[in-house]
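Have a look at the structure below, then the notes.
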């Protein structure tokens, strides 16, 4: 027995020394050993591991790290694995300064692409195109370029060349500070030489066009005359028109809008309305190859997400329904020969690609399923002339964690612990009951586009939890369905609706029975993020659209505006003593934290984060003397005393913290955390039906 222990200890020490030895080696020492494993011994998997260690630990040694990355591609190529192409793309993207090696990587990629294109495909192929965790908006028609927004560093549109791996900006650096400037959605011209994009510029909104090298920017149209600005969706094959959506504000209800489908002249920016949708809405549009008709998706009724698909000629003389299934059909686009309309649908129980045959602009027969069981987070980007469809997908998950904290010193008093393993991946918006005995949170379930939003009640003492079944649905506004508590810890309060066709309202839900009661009824997005006073006599809620904080008396139903701003408000949270609401402005100096009295008056700025930061969800300490916020960019946590004393950072361990709440005893916090995952871009090839 003692001998076994001795041997075990010696082995452990030996392994530790070996491990230490590998870390103590220099890049210059490790690279020849890795090459020997690859070229002499043929131990390719071990060689890849060593090359990856070099790239990870010695990235500052550009020449050697690049060579190691190139050899990773060589190893995978020898193994006959598709990861070779990805490895060579990394050389092009991260080591473009190593020109000779980058040129060799490009030659390898060209050769592999040529081989792949010369082999007759066996069927539908799904391939990874890019995995750099960027927010990709469009793909050029030849599949070479992608446009994305760099939200983290420059607030600009950038172009990624899938062939060379190069990245460059085509719009100037934006800002969240003061008069904000930043881009939004973008589309490519049919020849791939220009980008049309939506741009927020100070007090204006503009539709712009710019060349792919960033030159020649011009404004097609703007909102100077109070008109809506076209949201670009597609570009006609002849290059003359942009198909777009305009949101027209409802004059009788400023919280609602009506969508118009328009055609914008690329030459002079003139706008032609093709169709007004009244109270229904659209998101995806597509020109036919000849430009004489369009297909579009439209909500089945006001206020719901399920859509049907329609075809309409440009002159408006013909309009037909392509799909009117009760399920959700969306993202339609024409194939290059004009003989099919491809669309996404969850009619089979999961997201899938479907095809509807078209003859003379009319649907022929029933649609057929091309590819089913698409990933849950499938977000379409665009299609190419070759018939491939590009999409992005995220692999992140969100779960709830708790840990101890000393709010006086900012020091952590216990390590973080996951709240529950019962259902993982989509848990968010935790909220403590006033008595501290329960935690309510939202859990997103389901594999279809319309995920189920389920309330979960967690017993802090026993650790047991249960799903709260209720018949109401999520509302349409910011923070809809985010649970808050009534003073007696018996009811949840939230913005919701009875049915998908109904207007929003503020509801309370019994945590024991799931029975719901409507407390406030209002049209549109009038009341979001409701907070109930400690004595239960009134509600406070926010209207983001016109910067209004409103008090609603639950006995008299009287509404009192306690604060109104010309700027849009973002977030609001009531102090435990009911005296103040904490908030920030949406775009104007979003790094500033404000409070306002619940009896009215002018707001007071409590403090500010750095200029490049934004205030996250504000939460009060139990004594109502401090507001704690998460900085959106860095995810650091700060405590702001409302008396003007300096703010200080709280030592909360986990990164990527989102929604934080403080227990009523002030000794612990909970938060939801987004865990490791990346936005990846994929392409689906060879899914179109073969021509006879």
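Numbering (this note's numbering), first residue to last: 1 to 692.
Just so you know, even glycine gets a beta-carbon here, dropped at the ideal spot from N, CA and C.
Since this is a predicted model, take the numbers as computed values, not measurements.
Quiz item: Going straight from the alpha carbon of residue 631 to that of residue 480, what length do you get?
Solution: 22 angstroms
Quiz item: DSSP puts residue 399 in a beta bridge; with which residues?
Solution: 673
Quiz item: What are the boundary residues of the beta strand (DSSP E) that includes residue 180?
Solution: Premise fails: residue 180 is in no beta strand (DSSP E) and is neither H nor E.
Quiz prompt | Spatial neighbours of residue 124 in its chain, beta-carbon cut-off 6 angstroms, leaving aside the 5 residues before and after | solution = 371, 686, 687, listed in sequence order.
Quiz item: Could you give the uninterrupted runs of the beta strand (DSSP E) lying entirely in the stretch 34–58, keeping only those of 3 residues or more?
Solution: Listed in chain order, there is nothing to give.
Exercise. Give the range of the beta strand (DSSP E) segment to which residue 614 is assigned.
Key: Neither: residue 614 is in no beta strand (DSSP E) and is coded neither H nor E.
Quiz prompt | Cβ distance (whole Å) where residue 700 is taken to contact residue 288 below 8 angstroms | solution = Lying outside 1 to 692, the shown extent of the chain, residue 700 is not represented and no answer is given.
Quiz item: Going by the beta-carbon positions, is the gap between residue 547 and residue 566 smaller than 8 angstroms?
Solution: Closer than 8 angstroms, so yes.
Quiz item: Which residue or residues does DSSP assign as beta-bridge partners of residue 582?
Solution: 573, 595
Quiz item: Rounded to the nearest angstrom, how far is the Cβ of residue 142 from that of residue 384, given a contact under 8 angstroms?
Solution: 6 angstroms
Quiz item: With residue 157 and residue 183 assumed to form a contact (beta carbons below 8 angstroms), what rounded beta-carbon distance in angstroms separates them?
Solution: With 8 angstroms as the limit, residue 157 and residue 183 qualify as a contact, their Cβ atoms being about 5 angstroms apart.
Exercise. Counting only the same chain and skipping the five closest in sequence on each side, list residues whose C-beta sits under 6 angstroms from that of residue 570.
Key: So the qualifying residues of the chain are 584, 586.
Self-check item: At least 3 beta-carbon pairs within less than 8 angstroms: the stretch 529–539 vs the stretch 574–581
Solution: Result yes; three or more Cβ-Cβ pairs closer than 8 angstroms.
Quiz item: Can you pull the DSSP bridge partners for residue 146?
Solution: 139, 160
Exercise. Report the partner residues of residue 522 according to the DSSP bridge assignment.
Key: Answer by DSSP bridge pairing: none, since residue 522 is not bridged.
Quiz item: Measuring CA to CA, which of 165, 609, 391 is closest to residue 127?
Solution: 391
Quiz prompt | Span separating the alpha-carbon of residue 140 from that of residue 53 | solution = 35 angstroms
Self-check item: Contacting residues, own chain, Cβ-Cβ under 8 angstroms from residue 424 (five flanking each side not counted)
Solution: 397, 399
Practice problem: Would you mind reading off the limits of the beta strand (DSSP E) that contains residue 465? | Solution: 465–468
Self-check item: Simplified DSSP assignment, three categories, for residue 506
Solution: strand
Quiz prompt | Three-state secondary structure (DSSP) of residue 174 | solution = Here residue 174 sits in coil by DSSP.
Quiz item: Under a three-way DSSP split, which group does residue 30 fall into?
Solution: helix
Practice problem: Use the C-beta contact count for residue 596: other C-beta atoms within 10 angstroms, 16 or more gives buried, fewer gives exposed. | Solution: buried
Practice problem: Give the secondary structure of residue 106 by DSSP, where H, G and I count as helix, E and B as strand, and everything else as coil. | Solution: The DSSP-derived three-state label of residue 106 is helix.
Quiz item: Using the rule of at least 16 other Cβ atoms within 10 Å of the residue's Cβ for burial, across every protein chain shown, is residue 30 buried or exposed?
Solution: buried
Quiz item: Are residue 605 and residue 588 closer than 8 angstroms when you measure CB to CB?
Solution: no
Quiz item: What is the residue span of the alpha helix (DSSP H) that residue 70 lies within?
Solution: According to the DSSP assignment, residue 70 belongs to the alpha helix (DSSP H) that extends over 62–78.
Self-check item: Sub-8 angstroms separation of residue 101 and residue 75 beta-carbons
Solution: no
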